[in-house]
Amino acid sequence: MSPLLEVTGLRTEIDTRQGKIRPVDGVTFSVEAGETLGVVGESGSGKTMTGMSIMRLLPPGGSIVAGSIRLDGQELTDLSEPEMRKLRGSRMAMIFQDPMTSLNPVRTIGSQLREAYRIHTGGSRAAATTRATDVLGLVGMPRPRERLDDYPHQLSGGMRQRVMIALGLMCDPGLLIADEPTTALDVSIQAQILTLIDDLKSQLSMGVLLVTHDMGVISEYADRVAVMYGGRMVEQAGVRELFAAPRHRYTEALLAAMPTLELDRRADLATIPGAPPKLLELPPQCRFAPRCAFAQDDCRQADPSLVESGPGHLHACFHPADESSSLLIGTERLRSRPKQEPGGSDTLVQLFDVHKKFGLRSLRPFGPKRAVHAVSGVTLSIGAGETIGIVGESGCGKTTIGRMLVGLERPTSGSVMFDGRDLAAQGRNVLRKRRRDLQMMFQDSAAALDPRMTVAALIEEPLVAQGVGTRRERRRTVSELLDAVGLPPEAAQRYAHEFSGGQRQRIAMARALALRPKVIVADEPVSALDVSVQAQILNLMRSLQDRYGQTYVVISHDLSLLKYLADRIGVMYLGRLVELGASEDVYGAPRHPYTAGLIKAIPAPESAKTDQARSVGLGGELPSAIDPPSGCHFRTRCPLATDRCAEEVPALAAADGLHAVACHHPLTTTELLTMAR
82 MSPLLEVTGL RTEIDTRQGK IRPVDGVTFS VEAGETLGVV GESGSGKTMT GMSIMRLLPP
142 GGSIVAGSIR LDGQELTDLS EPEMRKLRGS RMAMIFQDPM TSLNPVRTIG SQLREAYRIH
202 TGGSRAAATT RATDVLGLVG MPRPRERLDD YPHQLSGGMR QRVMIALGLM CDPGLLIADE
262 PTTALDVSIQ AQILTLIDDL KSQLSMGVLL VTHDMGVISE YADRVAVMYG GRMVEQAGVR
322 ELFAAPRHRY TEALLAAMPT LELDRRADLA TIPGAPPKLL ELPPQCRFAP RCAFAQDDCR
382 QADPSLVESG PGHLHACFHP ADESSSLLIG TERLRSRPKQ EPGGSDTLVQ LFDVHKKFGL
442 RSLRPFGPKR AVHAVSGVTL SIGAGETIGI VGESGCGKTT IGRMLVGLER PTSGSVMFDG
502 RDLAAQGRNV LRKRRRDLQM MFQDSAAALD PRMTVAALIE EPLVAQGVGT RRERRRTVSE
562 LLDAVGLPPE AAQRYAHEFS GGQRQRIAMA RALALRPKVI VADEPVSALD VSVQAQILNL
622 MRSLQDRYGQ TYVVISHDLS LLKYLADRIG VMYLGRLVEL GASEDVYGAP RHPYTAGLIK
682 AIPAPESAKT DQARSVGLGG ELPSAIDPPS GCHFRTRCPL ATDRCAEEVP ALAAADGLHA
742 VACHHPLTTT ELLTMAR
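Numbering (the numbering used here), first residue to last: 82 to 758.
Structure below.
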């Protein structure tokens with residue numbers, strides 16, 4: 082039988098002011114019914130444009146210039162636009178990366194679902210409503226009938242992504258293209274969405290094209306993998322074969338750049354130098370050659386074709402990797418960075434019983450006042466030169482803690498102490514001076530950097546605001562910081578929008594370092610970056626800490642990242658700190674069921690999860706912070722909850738001589754040993 086989707090020699094071109102670029106260049110692959118093909122690569126490798134070419138949804142100036150796309154034996158490149166519109170949403174569907182830009186904000190969920198059904202089937206409104214309710218139930222939406230009257234902004238990120246999946250499934254398509262469907266989601270919601278897609282694939286015998294830059298996601302949810310670079314397919318194989326023995330040097334480098342739970346914290350992450358090609362007037366050579374440490378003369382004279390190195394394993398590399406060279410790369414990454422002992426340094430920052438509430442308008446006139454309980458009774462000490470990670474799902478209070486640490490928010494009650502002084506008790510002018518020692522790196526560097534200011538002006542601005550140095554001294558400082566973060570001197574006169582995401586994050590780092598602060602709060606510093614760029618930023622953060630002695634507070638939902646970067650980790654749930662300990666202890670022996678569930682949700686290439694983590698999962702959505710559950714906030718999702726959990730708030734305290742946990746029924750050492758056997 083022929084494959085469900087068969088793409089052969091696909092070439093796509095886009096007319097730009099600089100000339101024609103070819104984001105998809107001679108791509109060939111197939112997808113069977115009931116199979117998931119993962120397409121992986123850095124930004125600009127052509128992954129998304131391949132999916133858009135299959136859907137015939139190219140940007141202005143884009144066109145398919147060669148090749149074939151066959152869906153169930155039907156050639157799609159020959160179809161007219163009206164004929165393609167009949168196929169989209171009925172026989173093939175696409176889930177886009179950001180549901181908020183794909184869903185109409187002024188229309189209800191129900192109206193958008195009904196529209197998709199009625200356009201393709203001609204059914205009645207009543208039939209469309211029934212179908213919409215059924216499909217929302219199929220994708221695990223709680224109370225699906227009620228959700229039909231909700232607007233997109235009334236739903237959480239995970240729920241909006243479920244609506245996007247429901248839109249794609251309204252007419253039972255045979256092919257589902259999922260373009261980075263979980264990039265902005267927490268690890269627990271990501272696991273739910275990807276498991277949902279995997280289950281639906283089996284139930285409906287769909288073919289799934291999963292586009293992502295996350296190699297962990299690929300390893301856990303794909304059947305086969307296609308690696309793209311520079312618009313070309315450079316390697317294809319089954320998941321196990323590719324992760325066990327990658328052949329192309331680019332694939333090998335991507336895997337080496339991943340922060341995994343087993344990686345020695347003394348090791349630097351492997352990085353890929355340079356940047357992906359611009360895909361404009363490329364010379365006849367291997368496109369990865371300028372960044373490849375193994376490139377030789379033949380790599381610079383011709384572009385290699387895909388060859389078969391084993392059953393179903395194709396690669397396009399003149400000098401492919403083997404086991405010995407992969408081992409060599411791994412040992413080269415070890416360095417002599419000393420291992421820090423958490424809690425061994427002088428205390429620099431302290432939080433004492435900190436609460437933060439945000440008032441809300443009443444739902445009706447003269448109704449009772451409402452408030453979001455963002456942070457509820459957090460007590461925490463941070464040592465000088467320490468890196469502490471704060472992890473948890475969206476809405477748990479991580480970012481609010483960070484903003485209070487740098488004085489951007491004042492606690493409703495409790496105190497935030499820095500160098501022995503309460504930040505909230507100081508006047509505005511005094512606090513402004515104290516902010517020289519407290520800086521924040523925001524999650525979205527593009528939104529945090531003024532687009533009308535040059536990079537030099539952006540880095541210099543904190544110095545000007547604090548009246549530090551003469552103009553000549555400030556310029557010298559800017560040059561030193563650009564060099565420290567690995568940017569060329571000419572970057573000073575350019576604007577933020579002219580740089581890639583990783584380069585913008587370097588600019589944000591330089592700006593945060595301008596005043597030589599003692600504490601830097603980094604809020605999701607690499608969440609939207611490719612794995613290779615992420616590795617560069619993480620290595621940079623550690624090298625700058627060695628050089629300047631900063632204390633880092635790193636906020637993230639990526640547990641693998643914090644396991645590698647942080648000395649200690651605090652786990653937050655709905656405003657409360659539920660577990661706190663050394664990073665190795667928190668991951669090696671999680672005490673709180675919530676922590677164990679987060680670890681279970683991590684997609685890891687080698688399934689490197691503790692037995693304890695596998696024993697407890699996370700289900701459902703985070704409860705509302707406006708009306709949180711009584712007692713232990715996690716009890717509504719906890720498989721170990723008892724009546725005591727509903728009545729009594731557990732205190733954060735050391736249990737069995739191990740790290741601190743706030744749980745009435747902590748996972749004990751005996752349980753861990755039993756499960757390990």
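C-beta atoms are modelled at their ideal positions from N, C-alpha and C, and glycine is treated no differently.
Leaving out five residues on either side along the sequence, give the residues of the same chain with a beta carbon under 8 Å from the beta carbon of Gln382. Pro365, Gln366
Beta carbon of Arg449, beta carbon of Asp518: below 7 Å? Looking at the sequence provided, one finds Pro at residue 449 rather than Arg. Their beta carbons are not under 7 Å apart, which means Pro449 does not touch Asp518 by this criterion.
Just curious, the beta strand (DSSP E) that Leu168 is in, first and last residue? Here Leu168 belongs to no beta strand (DSSP E); instead the alpha helix (DSSP H) covers 162 to 168.
Between which two residues does the beta strand (DSSP E) containing Thr109 stretch? 100 to 112
Do you know offhand how far His294's Cα is from Glu164's? 32 Å
Can you tell me whether Pro254 is buried or exposed? The criterion is at least 16 other CB atoms within 10 Å of its CB, across all chains shown. buried
Whole-angstrom distance between Ser608 and Gly391, CA atom to CA atom: 35 Å
Under 8 Å by Cβ, that's how I've got Ala376 and Ser613 pegged, so tell me the actual separation to the nearest angstrom. No, Ala376 and Ser613 are not in contact; Cβ-Cβ is about 17 Å, not under 8 Å.
Return the chain-ordered list of same chain residues with a C-beta closer than 8 Å to the C-beta of Gly38, the five sequence neighbours on each side being excluded. The structure shown does not extend to residue 38, since the chain is modelled only from 82 through 758, so no value can be given for it.
Endpoints, the alpha helix (DSSP H) within which Thr558 is located: 552 to 565
Ends of the beta strand (DSSP E) at Gly574? It is worth fixing the name first, because residue 574 is Gln in this sequence and not Gly. Counting along the chain, Gln574 falls outside any beta strand (DSSP E), and DSSP gives it neither H nor E.
If we count the other Cβ atoms within 10 Å of its Cβ and call it buried at 16 or more, is Gly100 buried or exposed? exposed
Exposed unless 16 or more other CB atoms sit within 10 angstroms - verdict on His745: buried
Need the endpoints of the alpha helix (DSSP H) that Lys759 sits in, please. The structure shown has nothing for residue 759, since the chain only spans 82 to 758.
Just the Cα atoms here: how many angstroms apart are Leu91 and Leu596? 52 Å
Looking at the secondary structure, which residues open and close the beta strand (DSSP E) in which Ala318 lies? 313 to 319
Taking Ala402 and Arg328 to be in contact with their CB atoms under 8 Å, please state how far apart those CB atoms are, rounded to whole angstroms. 6 Å
What residue range is occupied by the uninterrupted alpha helix (DSSP H) comprising Leu539? 536 to 546
Whole-angstrom distance between Ala207 and Val634, CA atom to CA atom: 53 Å
For Ser286, three-class secondary structure by DSSP: coil
Can you tell me which of the three DSSP states Val187 falls into? coil
Return yes when the Cβ of Gln178 is within less than 7 Å of the Cβ of Thr117, no when it is not. no
Let me check one thing: in DSSP terms, what residues is Lys437 bridge-paired to? Val456
Length at least 3, wholly inside the segment 592 to 680: the beta strand (DSSP E) runs in chain order: 600 to 604, 632 to 637, 649 to 654, 657 to 663
Tell me the DSSP secondary structure of Gly90 in three-state form. strand
Could you say if the segment 641 to 655 and the segment 723 to 730 meet the contact criterion of at least three C-beta pairs nearer than 8 Å? no
Proximity of Val456 and Gly470 at Cβ, strictly below 7 Å: no
Report the start-end ranges of each beta strand (DSSP E) in the segment 364 to 413 that is 3 residues or longer and not cut off at the edges. 388 to 391, 394 to 396
In chain order, what residues of the same chain lie with their CB nearer than 6 Å to the CB of Asp666, ignoring the 5 residues before and after it? His740
Extent of the continuous beta strand (DSSP E) run through Met173: 173 to 176
Roughly how many angstroms separate the alpha carbons of Gln547 and Leu461, rounded to a whole number? 29 Å
For Leu754, three-class secondary structure by DSSP: Low confidence applies to Leu754: its pLDDT is 44, below 50, so where it sits in the model is not reliable, and the reading given next is rough at best. Leu754 falls in the helix class under three-state DSSP.
Closest to Gly221 by C-alpha separation, out of Ile270, Val306, Thr480, would be which residue? Ile270
Quick check on the DSSP output: the beta strand (DSSP E) that includes Ala147 runs from which residue to which? 143 to 152
Closest by CA to Gly458, which one among His436, Arg451, Val472? His436
Under the three-state DSSP convention, the category Thr214 falls into: helix
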